[in-house]
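In terms of our numbering, the first sequence has 39 at position 28, counting the first letter as 1, and numbering is strictly consecutive.
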Amino acid sequence: MKKSFKNRVFEVVSKIPKGRTLNYKEVARLAGNEFAYRVVGNILNRNKDPKIPCHRVIRSDGKIGGFNRGVGEKAKLLQKEKIVLF
DNA sequence: CGTATGACGTGCA
DNA sequence: GTGCACGCCATAC
Numbered sequence: 012m013k014k015s016f017k018n019r020v021f022e023v024v025s026k027i028p029k030g031r032t033l034n035y036k037e038v039a040r041l042a043g044n045e046f047a048y049r050v051v052g053n054i055l056n057r058n059k060d061p062k063i064p065c066h067r068v069i070r071s072d073g074k075i076g077g078f079n080r081g082v083g084e085k086a087k088l089l090q091k092e093k094i095v096l097f
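Below is the structure:
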């Protein structure tokens, strides 16, 4: 099974510890290509798997960014996790 | 197979 | 400090 970048991103994001947020660039770097940060958001957007805490992935600006189900939901999850936007 | 997209990031006005 | 535009990559259709 060849792990595509998409699969890599899923694994990395699913490995994000609770209470920790990573920006798309970091996820992309851990996935193998720090220059593919756009793909990270792209993949998560087209693949809303409930097993993936994609809400822990935020922009490097410290902003929530966006969410396929609504930014409000993502903000809610972040607050629920007591995640502090670094 | 080829084209267009996208939950970004950075720079500049 | 805020807003706009460009550029980068992989995925989806």
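Note that the Cβ used here is the ideal one computed from N, Cα and C, for glycine as well.
Just so we're clear, the structure is a prediction, and the values are computed from it rather than from any experiment.
TODO: Tell me whether the beta-carbon of threonine 32 lies closer than 7 Å to the beta-carbon of isoleucine 69.
DONE: yes
Open item on the list: Rounded to the nearest angstrom, what separates lysine 29 and isoleucine 63 at their Cα positions?
Closed with: 12 Å
Task: Beta-carbon spacing of valine 50, valine 38 below 7 Å - done: no
TODO: Could you have a look at asparagine 34 and say whether DSSP puts it in helix, strand or coil?
DONE: strand
Open item on the list: One question on the structure: do phenylalanine 78 and lysine 87 come within less than 7 Å of each other, judged by their Cβ atoms?
Closed with: no
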